[in-house]
Amino acid sequence: MAEAVRSDDQRDPEPFDAVVIGGGVVGTAVLRSLSRSGFRRVALVEAAPDIGAGTSKANTAILHTGFDATPGTLEAALVARGYRLLGDYAAATGIALERTGAVLVAWDDEQLERLPSLHERAEANGYRECRRLSRGEVYGLEPHLGPGVLGGMSVPGEAIIDPWSPVFAFAAEAMRNGAQVMRSLPVLAITSGGPHGSRWAIETPSRVLTTDWLVNAAGLRSDEIDRMIDTATGRGVGGVRSGAFTVTPRRGELIVYDKLARPLVNHIVLPVPSASTKGVLVSPTVFGNVMVGPTAEDITDKDDRSTTAAGVAALVAYARRIIPDLAGEEITATYTGLRAATEHADYQIVVDRERRYACIGGIRSTGLTASLAIAEHVVAEMGAGGERSPGELAPPPRMANLGEATTRRYQTSGCGPIVCHCERVTRSEILEAMAGELPPVDLDGLRRRTRTLAGRCQGFFCLADVTSLFTSSPVRASH
Ligand SMILES: Cc1cc2nc3c(=O)[nH]c(=O)nc-3n(C[C@H](O)[C@H](O)[C@H](O)COP(=O)(O)OP(=O)(O)OC[C@H]3O[C@@H](n4cnc5c(N)ncnc54)[C@H](O)[C@@H]3O)c2cc1C
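Numbering-wise (this note's numbering), the sequence shown opens with residue 191 and increments by one.
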C-alpha cells in the first residue's frame, strides 16, 4: 500500500537528479537502471493514464536475436545485448518467454537467392546458430505450411515473450528502489534552468518538475520533446543536432487467431526480409494464440491506432496462403501498433553530458528486445555514478505468469474462482493486480496485467463481473 501511494503523488518540490519522459518499455527500463545507479532522486512522467499503453502494448512480441540487423549499427549492438539481458530478466521475474525458434521461408527464387547473404549477415552480427534448410526440412518443421516452399533458414534463438509485463516489472523494480512514477502528466514545455540551480524545468498541466538530467523516451513524440530542448537552449544537442530527426508513425496492423489455431504453428514463421521491411510473420504467442502481421504503412497521425478493412483483408489473405488451414480458424482480435520510424536507419540515441540531456529516438521495431540494453547504454553514458551495492537494491519483482507454457494460477490448488473464462483468469489474480505498485486505472490496464478480457469473447460474458471487481477494489477506492 505504501508503494502504491508513492506513485502518482503530487509532492516533491525538490529537484530530481533525473526525470524520464515517457513510460513505455524503453522509458521504464531507463528508470529501472537509473534507480539502481548513484542517482538518488529519479522519476518518470507519462502523459497517458497508465504506463505501457503506447507502442509498447501493441507489437509482435518477438525477442529478436538481431540476426538480420544491419551490422555495425547501434541497433545491432543493442538488440544483441538486449536479447540476453531481457531473456535473463524474464527468467528472474517469471515473465513468460518461449524459445520456439524461427523458420525463415523462401517462397520464390529471388528469396531463395537472398538466403546466403542473410546467413552471412547473421554471422557478421555474431549470431552463428543459423542453418540453411531444404524444402523438405522446412515442411518437417512446419507441416501446415502451404504449397510452394523452396527452402529456408532456421534461427533457433528467436523467442516469443509476454510484451506487457516487462514495462510493469521495470517500473515496479524502480519504485522499490525509490523512484517515482507519475501518470497522467503530459510534458507541455521544457525550459532551461529552474529554481535551486537545477538544469531543467518541466511544465505539466498541474505542476512544474525540476531536474538536473532529462531523458527523452517519448517514443512517437521523441522528436517533439527534442525540439522543445532545442528551443529551450537555442542550439542542438552537442552542438550538432537541431530537429535532427522527425518521427513518422509507421502503422503495423495485426490479427490474432483463436487458441484452436495454435497447433498449426510450431515456430515463428518469418518471410525473407526485403531492403525496406522485415515483412509479415506468422507466430505463436505466449498466450496460446497465433498472430499474423504486421503491415507497414507510413501515416501522419501519431494517435491513429485504427485498423483498416484493407489491412485486415490483406493479412487474412496472407495467412491463408502461408498456412491454408488458418482459413477455418476464427480471428478473435485485431490491433494496430505505430512504429516510431525516422528518416534514419539507426536508433537516434545521443547523450549530451554538457547539457545533461539524453535523447532516445527512432526506437522503431526492436525496442522491446533492446530495452534493457538501451537503458544500460544510456545510463552508462550519463555517468550516473555506477551501480549501487547489491544490498541497497531491491530484487527483481516476481511477476504473475501470463504464459501458457508454464503453470497458470487456475491450474494450482486453492486458486479460487475463475472470473474470465476464455483466458482463465482468477479472481485472486485480478485482486493482486489491483494491489500492485501501479494499479490499473482502466480495464485495458487490467487486461495487460492479467489477460482478462483478452480472449475470444472479448468481455461478452465476464465484463460485468470484471468491472464490478475492478470498481470495488479496496485499493482503487483509496486512490
Ligand atoms: C507493429 C509493431 C511490431 C513490433 N514488434 C516488435 C517485436 O516483435 N520485438 C521488439 O523487440 N520490438 C517490436 N516492436 C517495437 C517496440 O514495440 C517499440 O520499439 C517499443 O515499444 C518502443 O517503446 P518506447 O518506450 O520507445 O515507446 P512507447 O511505448 O510509445 O512509449 C513512449 C511513451 O511516451 C509517452 N509520451 C509521449 N509524449 C509525452 C509527453 N509529452 N509527456 C509525457 N509522456 C509522453 C507516451 O504516452 C508513451 O507512453 C514493434 C513495434 C510495432 C509498432
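Glycine residues also receive a C-beta, built at the ideal position from the N, C-alpha and C atoms.
In terms of DSSP beta bridges, what is residue i paired with?
i, result
"G442", "G527"
"I211", "V235 and N406"
"E288", "I350"
"M372", "V235"
"P461", "V295"
"V540", "C549"
"T401", "F206 and W390"
"Y151", "Residue 151 is absent from the model: the chain starts at 191 and stops at 669."
"S496", "Partner(s): none; S496 has no beta bridge."
"S227", "E577"
Going by C-alpha to C-alpha distance, which of the options sits closest to residue i?
i, options, result
"P629", "A359, T263, R226 and R321", "A359"
"I350", "L592, R545, R222 and L450", "L592"
"L444", "A451, L471, P461 and A391", "L471"
"L264", "G552, P453 and S658", "G552"
"D420", "I458, T381, A267 and R452", "T381"
"D542", "I241, D402 and E519", "D402"
"V568", "P205, L308 and G217", "G217"
"R546", "N406, V609, L659 and E519", "N406"
"Y447", "D515, K492 and T616", "D515"
"P439", "T532, C647 and S344", "T532"
"S464", "G262, A296, G291 and D634", "A296"
"E236", "F229, A281, A270 and A361", "A361"
Taking the continuous alpha helix (DSSP H) assigned at residue i, which residues delimit it?
i, result
"E674", "Because the chain spans 191 through 669 in this model, residue 674 falls outside it and cannot be assessed."
"E393", "Per DSSP, E393 belongs to no alpha helix (DSSP H); it is in the beta strand (DSSP E), W390 to E393."
"V656", "L653 to S662"
"S412", "S412 to T423"
"F358", "S355 to R366"
"T283", "L264 to T283"
Mapping DSSP to helix, strand and coil, what is residue i?
i, result
"E519", "coil"
"A484", "The residue asked about is misnamed: residue 484 is Pro in this sequence, not Ala. P484 falls in the coil class under three-state DSSP."
"S396", "coil"
"R325", "helix"
"G428", "Since pLDDT at G428 reaches only 49, below the 50 mark, its modelled position is unreliable, and the value read off the structure follows with that caveat. It is helical."
"A243", "coil"
"P337", "coil"
"L253", "strand"
"L643", "coil"
"P514", "helix"
"P261", "coil"
"T218", "helix"
"A502", "Contrary to the premise, residue 502 reads as Val rather than Ala in this sequence. Note: V502 maps to helix in three-state DSSP."
"A248", "coil"
"M191", "Any reading at M191 needs caution, since the residue's pLDDT is 29, under 50, leaving its predicted position unreliable; the model's value is listed next. Correct three-state label for M191: coil."
"R554", "coil"
"G635", "helix"
"G330", "helix"
"Q200", "Any answer about Q200 is weak, because its pLDDT of 46 lies below 50 and its placement is not dependable; what the coordinates show is given next. It is coil, neither helix nor strand."
"R318", "coil"
"A535", "coil"
Going by DSSP, what residue range makes up the beta strand (DSSP E) through residue i?
i, result
"S344", "G341 to V345"
"A379", "A379 to S382"
"P474", "L471 to P474"
Checklist line | Ordered list of alpha helix (DSSP H) runs contained in the stretch 558-633, each at least 4 residues | finding: 617-624
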